[in-house]
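Structure first, then comments.
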Amino acid sequence: MNRSAMRGFTLIEMMIVVAIIAVLAAIAIPNYQQYRVKANRADAQAFLMDVAQRQQQYLLDARAFAGTLAELGMVAPEKVARNYTVTIDIEAGPPPTFLLTATPIATSGQSADGVLTLDQSGAKQWNGQSW
């Protein structure tokens with residue numbers, strides 16, 4: 189068979205394509221993982237804000253803060269519960285206070301992410317910084 193009639197890719201061409209794909213993957217995969225961590229953190233932050241709002245309403249109705257999510261009639265959404273353990277710490281006061289805490293689960297992708305907190309005054313903390 190005539191060499192010019194043969195069609196296809198050479199081994200060198202295939203290796204170049206594989207190398208290009210490897211470089212792109214080496215850049216894209218860590219960026220995607222960082223995006224997922226940030227998105228999961230944002231979900232937890234939004235849930236803490238919802239719980240804080242519900243706590244304020246509960247205070248108006250019961251004259252005390254709720255000690256559990258169940259008392260508020262809430263359950264952590266699956267995407268939050270998969271990555272964080274959400275707890276409520278209350279002190280009777282006066283004045284009554286609460287501290288909401290979202291702690292990353294060690295076996296989740298958020299394990300290296302910091303603890304999120306939100307209190308009755310609206311003070312938000314993540315790794316010692318405001319969020």
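In case it helps, my numbering puts the sequence shown at residues 189 to 319. Think of the CB as a built atom: it goes at the ideal place given N, C-alpha and C, for glycine as much as any other residue.
Per-residue burial, residue i [other beta carbons within 10 Å of its own, 16 or more giving buried]
i, result
"T305", "buried"
"N219", "exposed"
"L288", "buried"
"A230", "exposed"
"F197", "exposed"
"L248", "exposed"
Distance between beta carbons of residue j and residue i, contact taken as under 8 Å
i, j, result
"P284", "A252", "6 Å"
"G302", "W314", "5 Å"
"T256", "Y272", "Actually they are not in contact, since the Cβ atoms of T256 and Y272 sit about 16 Å apart, beyond 8 Å."
Alpha-carbon to alpha-carbon, residue j and residue i
i, j, result
"G316", "L260", "27 Å"
"S318", "K226", "15 Å"
"A210", "S299", "27 Å"
"I208", "L199", "14 Å"
"M194", "V206", "22 Å"
"Q222", "Q244", "33 Å"
"D238", "A264", "10 Å"
Best match in the options for proximity to residue i [C-alpha to C-alpha]
i, options, result
"G310", "A216, Q233, N271, G196", "Q233"
"A269", "N228, A213, Q245", "N228"
"M262", "R242, V206, I217, T295", "R242"
Opposing strand residues paired with residue i [DSSP bridges]
i, result
"Y272", "P292"
"E312", "The amino acid at residue 312 is misidentified as Glu; the sequence shows Lys. In DSSP, K312 forms a bridge with L306."
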